[in-house]
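For what it's worth, the numbering used here labels the leading residue of the sequence shown as 344, then goes sequentially. Ideal Cβ placement from N, Cα and C applies to all residues, glycine included.
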Amino acid sequence: YVCMYVCTNTFLNFDIVEFYPSISEKLLMDALAFAKSHADIRQKDIDVILHARKSLLFQDGRPWMKKEKDGIFDGAEVCELVGAFLLTKLSSWLGAEHIGLYRDDGLAAFKNMSGHAADAMRKRITKIFQD
344 YVCMYVCTNT FLNFDIVEFY PSISEKLLMD ALAFAKSHAD IRQKDIDVIL HARKSLLFQD
404 GRPWMKKEKD GIFDGAEVCE LVGAFLLTKL SSWLGAEHIG LYRDDGLAAF KNMSGHAADA
464 MRKRITKIFQ D
């Protein structure tokens, strides 16, 4: 006699709106501090990363965006670093064991979650990225 349990997963996908231009210096510094806790990153490397961002155009303290959607404000490396940092935060805040991010698109899997609970989780993720 084998007892089998049915386990249902709820998948939640999300999109980080304007991910690239919304990476602030504070968010980048938090991501770099996170990375330093996992790898040896020299201050010289951090200085180079921060200096490379100065070539961007800012207006009223905000990144300037072309009307066409063909510009990227940070390189892929910065976005991947910030993405890894955000994934770690999301995993701890949401309790999601299985969560992933590809550029600005995310996918999370939750076990035995109702539709109502999944909608509440979606709202929580939205609030996290708005903050």
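- Between the alpha carbons of alanine 376 and asparagine 352 lies a gap of roughly 34 angstroms.
- Taking phenylalanine 472 as the centre and dropping the five residues before and after it, the same chain places the C-beta of Ile359 closer than 7 angstroms to its C-beta, in chain order.
- The segment 362-376 makes no contact with the segment 458-467; the number of CB pairs closer than 8 angstroms stays below 3.
- Aspartate 358: member of the beta strand (DSSP E) spanning 352-358, first to last residue.
- Straight through space, the alpha carbons of isoleucine 389 and lysine 432 are spaced by roughly 21 angstroms.
- The alpha carbon of proline 406 has as its nearest neighbour, out of Leu450, Phe453, Glu368 and Met456, the alpha carbon of Glu368.
- Rounded to the nearest angstrom, the Cβ distance from alanine 378 to leucine 424 is 6 angstroms, consistent with a contact under 8 angstroms.
- In the three-state reduction of the DSSP assignment, isoleucine 384 falls in the coil class.
- The three-state secondary structure of arginine 446, taken from DSSP, is coil.
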